[in-house]
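**Q**
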Amino acid sequence: MPTSPTPREVRRLASDHDFVLGASPSPRRLGWWAFLATHLSLIAAFGAGAICVIVAIIYTSTTSRQMLECPSWATNCEKADGWTIEHLGTIQGIITLIYFIGLVALAYVALALCEAAVWPLLTKQPFTIRGLDAYLATARGSIISAPAALMSIRTLATGLVLIAAIAVTLIPLASAPLVGFAFTPTRQFVQLEGGYVPGGGISEQYAQTDPPTSVIAGVLAEYHSWATDPSSEPMPEYRDWYMDRAALSQRGNFSARAVKLQTTISCLPHQVQQLNKNGSWWNAFVTNMTQTNSNSSQAGDKNSSAEVWVRTSPELTLWANNFEFVSPHRTRTTLVFVALNGTIDGGSPTPFVHPDMYGASAVACDVDIEALDDILTVGDSPPLSDDDDNTTTRPLLSSLSDLRVSPSAEGQTEINELLLWFTVSPLMAGASVDGTQPMFFNSTSSNRAVPYTTSAAERNTWTVAGLEEFIRLSIGALAQTTTTTTTTTTTTTTTAPDTNANITLTSTTSTKKLAPPRALLLAILPSLILAVAIATAAWLIYVHARDNIPVMRTAGVGELLKSAQTGYLREVAATDAAKTFLPHELGGLELMYGVDKNGMAGLARSVRGFRGAVSVPGGAGRSARRDGVRAV
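Using the working numbering, the first residue of the sequence shown is number 4, and each one after it goes up by one.
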């Protein structure tokens with residue numbers, strides 16, 4: 004059996020290579036590029052890891068820009084495919100796996116560099132064999148070995164490398180919760196576009212006697228729904244705007260041009276006059292509402308009765324007493340509210356002669372409405388074009404110049420005729436029975452005026468604030484009805500421009516989707532691993548060059564075995580090897596990496612640095628610079 008080579012023979016064998024210390028010319032160190040050339044698995048792992056991470060980030064980012072649900076009105080909503088939406092949990096699991104594999108591959112590269120750092124660290128501080136084993140296990144991803152490795156820290160560099168190795172090992176474990184966070188659907192505000200049919204108006208004139216049923220039917224349905232269930236009214240805070248609130252209530256935040264019905268209501272006590280004919284008292288009251296065109300005094304223009312008839316029921320009734328066209332875009336009407344056998348706070352009590360009645364309480368409310376072209380802003384409206392001062396950049400929902408009006412209305416009062424409908428809108432909120440005025444009761448559940456027909460009454464006590472709410476609610480119901488009509492029916496011929504063409508309305512609304520910023524968070528973990536790898540690689544290149552360490556390498560079994568062939572270790576190991584049937588007792592042995600007393604590079608108890616070390620053939624190695632010697 005061949006004997007082991009002596010140190011002299013080792014130096015002779017090494018002289019055939021470039022690693023011999025003190026050779027002339029200077030030996031060639033095997034640095035970074037040689038390290039990569041002999042560890043191609045690191046390049047492959049880095050490439051595979053980068054691909055997996057990039058795929059996970061790109062897919063998540065792409066999916067986060069798509070909607071998981073789209074409103075029915077949206078025309079530019081980019082929705083994810085049905086399979087993705089249905090199997091989003093499965094996709095999350097697949098992306099988590101791909102992302103985790105990518106992080107582990109990148110961590111493999113960083114940990115290999117931390118493992119290679121053991122040789123420069125061994126030149127600066129001693130490690131026991133037990134501590135060295137714990138360090139290498141930690142550098143290979145064993146968190147359990149970290150406490151023992153941390154106990155071996157003697158220098159700042161060792162501490163930093165160990166902390167980096169522990170961090171790189173733990174970082175991939177955060178992949179699952181991070182991907183789960185990125186794939187959790189949330190309500191996000193997005194800008195969407197949708198079509199809208201602008202316009203509105205009424206092509207008939209109002210008459211207190213036998214008003215057009217086409218208008219009343221719509222108002223009655225809308226008002227009754229809102230009066231009995233206040234939550235069913237869409238966008239109640241925007242009653243004064245002439246627009247289709249039912250259609251726009253789902254649009255979110257937007258800004259547009261529209262007609263605003265600026266309404267002022269003022270109520271005062273009022274004495275009503277019961278109708279007396281031929282000495283008999285009738286269930287009717289006298290009004291001043293005798294014509295709808297205040298600019299005309301022709302008898303043929305009188306299409307409203309001078310008297311109104313009421314049912315003898317203890318409920319609230321009302322009528323229009325008179326009106327005035329204040330300006331071309333402003334109309335004022337006086338509505339009289341009378342609680343038969345009831346009370347109105349602040350109302351004027353009046354006798355009511357009838358076998359079933361004992362009195363009435365009345366107030367007169369002036370309803371003043373002015374129509375204005377204005378800017379409507381709902382919520383935080385989306386940004387406009389660069390020319391923010393140019394109001395024409397906003398879409399047009401309605402305009403005074405485009406509203407439908409009665410063909411028989413005069414040019415200067417056509418808007419007045421339309422506004423007259425709104426000032427008397429409470430009259431259309433209830434049904435007329437046999438030509439009598441509509442009646443209402445005060446609902447105990449909604450505290451609103453509800454149309455009364457033959458059902459049992461609830462309350463007949465009223466407040467002025469409640470009557471004002473009644474007026475505003477009915478104005479909103481009329482606006483909703485006459486706006487919606489323009490989007491679903493063909494209007495009669497008018498002189499106004501065609502308003503049935505769709506416009507595009509951009510709005511900001513909430514929808515279900517993944518959050519794009521969360522997708523970008525997936526770049527954090529690989530960035531941390533890459534930062535550790537780059538910093539460790541830069542430090543390895545620097546310290547190998549500075550300390551003239553012959554070769555950059557990892558610390559596998561082969562490399563450790565090669566560096567363990569110093570005379571000191573061979574002697575100690577041989578002694579321990581004699582105890583064949585016992586575990587080794589080398590755990591407490593302290594070692595450093597450098598040039599031993601025989602001039603051989605490797606692990607020993609007492610070494611000196613590589614810089615300036617000279618190998619003397621046939622004798623013990625001496626150093627030209629004794630300051631490189633390090634003994635433990």
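Built from N, CA and C at the ideal position, the CB exists for glycine as well. Since the structure is predicted, the reported quantities are computational estimates derived from the model, not experimental observations.
(1) Quick one: grab the DSSP three-state call for residue 55.
(2) Considering only their Cβ atoms, is the gap separating residue 515 from residue 68 smaller than 8 angstroms?
(3) Identify every run of the beta strand (DSSP E) within the segment 342–382, keeping only runs that are complete inside it and at least 3 residues long; order them along the chain.
(4) Between the segment 441–449 and the segment 461–468, do at least 3 Cβ pairs fall closer than 8 angstroms?
(5) Can you check whether the CB of residue 179 is closer than 8 angstroms to the CB of residue 108?
(6) Between residue 433 and residue 315, what straight-line distance do the alpha-carbon atoms span, to the nearest angstrom?
(7) Distance check for residue 551 and residue 521, CA to CA, integer angstroms please.
(8) May I have the straight-line CA-CA distance separating residue 476 from residue 225, to the nearest angstrom?
(9) Would you call residue 427 buried or exposed, if buried means 16 or more other Cβ atoms sit within 10 Å of its Cβ?
(10) Compute the Euclidean distance between the alpha carbons of residue 222 and residue 481, then round it to the nearest angstrom.
(11) Can the beta-carbon of residue 438 be found less than 8 angstroms from the beta-carbon of residue 312?
(12) Cβ of residue 219 within 8 angstroms of Cβ of residue 368?
(13) If you reduce the DSSP assignment to three classes, tell me which class residue 603 lands in.
(14) Output the distance between the C-alpha atoms of residue 608 and residue 571, rounded to the nearest integer angstrom.
(15) What ranges does the alpha helix (DSSP H) occupy inside the segment 507–556, keeping only unbroken runs of at least 4 residues that lie completely in it?
(16) Whole angstroms is fine: what's the gap from residue 523's alpha carbon to residue 167's?
(17) Have a look at the DSSP bridge pairing and note the partners of residue 641.
(18) For residue 190, which residues does DSSP report across the bridge?
(19) Between residue 256 and residue 383, which are expected to be in contact by the criterion C-beta below 8 angstroms, what is the C-beta distance as a whole number of angstroms?
(20) Tell me where the alpha helix (DSSP H) around residue 164 begins and ends.
(21) Assuming residue 246 and residue 401 are in contact, meaning their beta carbons sit under 8 angstroms apart, how far apart are those beta carbons, in whole angstroms?
(22) Apply the 10 Å Cβ neighbour rule to residue 591 and answer buried if 16 or more other Cβ atoms are within range, or exposed otherwise.
(23) For residue 209, name the three-state secondary structure that DSSP assigns.
(24) In the DSSP assignment, the beta strand (DSSP E) including residue 285 goes from what residue to what residue?
(25) DSSP three-state call for residue 559: helix, strand or coil?
(26) Counting only C-beta atoms, is residue 578 closer than 8 angstroms to chain B at any point?
(27) What is the rounded straight-line gap between the Cα of residue 140 and the Cα of residue 567?
(28) Who pairs with residue 197 in a beta bridge, going by DSSP?
(29) Can you have a look at residue 559 and say buried or exposed, based on whether 16 or more other CB atoms are within 10 angstroms of its CB?
(30) Check this for me: beta carbons of residue 131 and residue 148, under 8 angstroms apart or not?
(31) Based on Cα-Cα distance, which residue from 185, 236, 373 lies nearest to residue 422?
(32) Using beta-carbon positions only, say whether residue 539 and residue 113 come within less than 8 angstroms of one another.
(33) From residue 35 to residue 555, what does the alpha carbon distance come to, in whole angstroms?
(34) Kindly provide the ranges of any alpha helix (DSSP H) runs that are 4 or more residues long and lie completely inside the segment 402–475, ordered along the chain.
(35) Does residue 597 come out as helix, strand or coil in the three-state DSSP assignment?
(36) Express the C-alpha separation of residue 328 and residue 418 in angstroms, rounding to a whole number.
**A** By the coordinates alone:
(1) helix
(2) no
(3) 351–353, 363–381
(4) yes
(5) no
(6) 16 angstroms
(7) 46 angstroms
(8) 10 angstroms
(9) buried
(10) 5 angstroms
(11) yes
(12) no
(13) coil
(14) 7 angstroms
(15) 519–523, 527–550
(16) 23 angstroms
(17) Outside the modelled stretch of the chain, which goes from 4 to 635, sits residue 641, for which no answer is possible.
(18) 515
(19) 5 angstroms
(20) 159–173
(21) 6 angstroms
(22) exposed
(23) coil
(24) 283–289
(25) coil
(26) The displayed structure is made up of one protein chain only, and chain B is not part of it.
(27) 18 angstroms
(28) 77, 508
(29) exposed
(30) no
(31) 373
(32) yes
(33) 7 angstroms
(34) 417–426
(35) strand
(36) 10 angstroms
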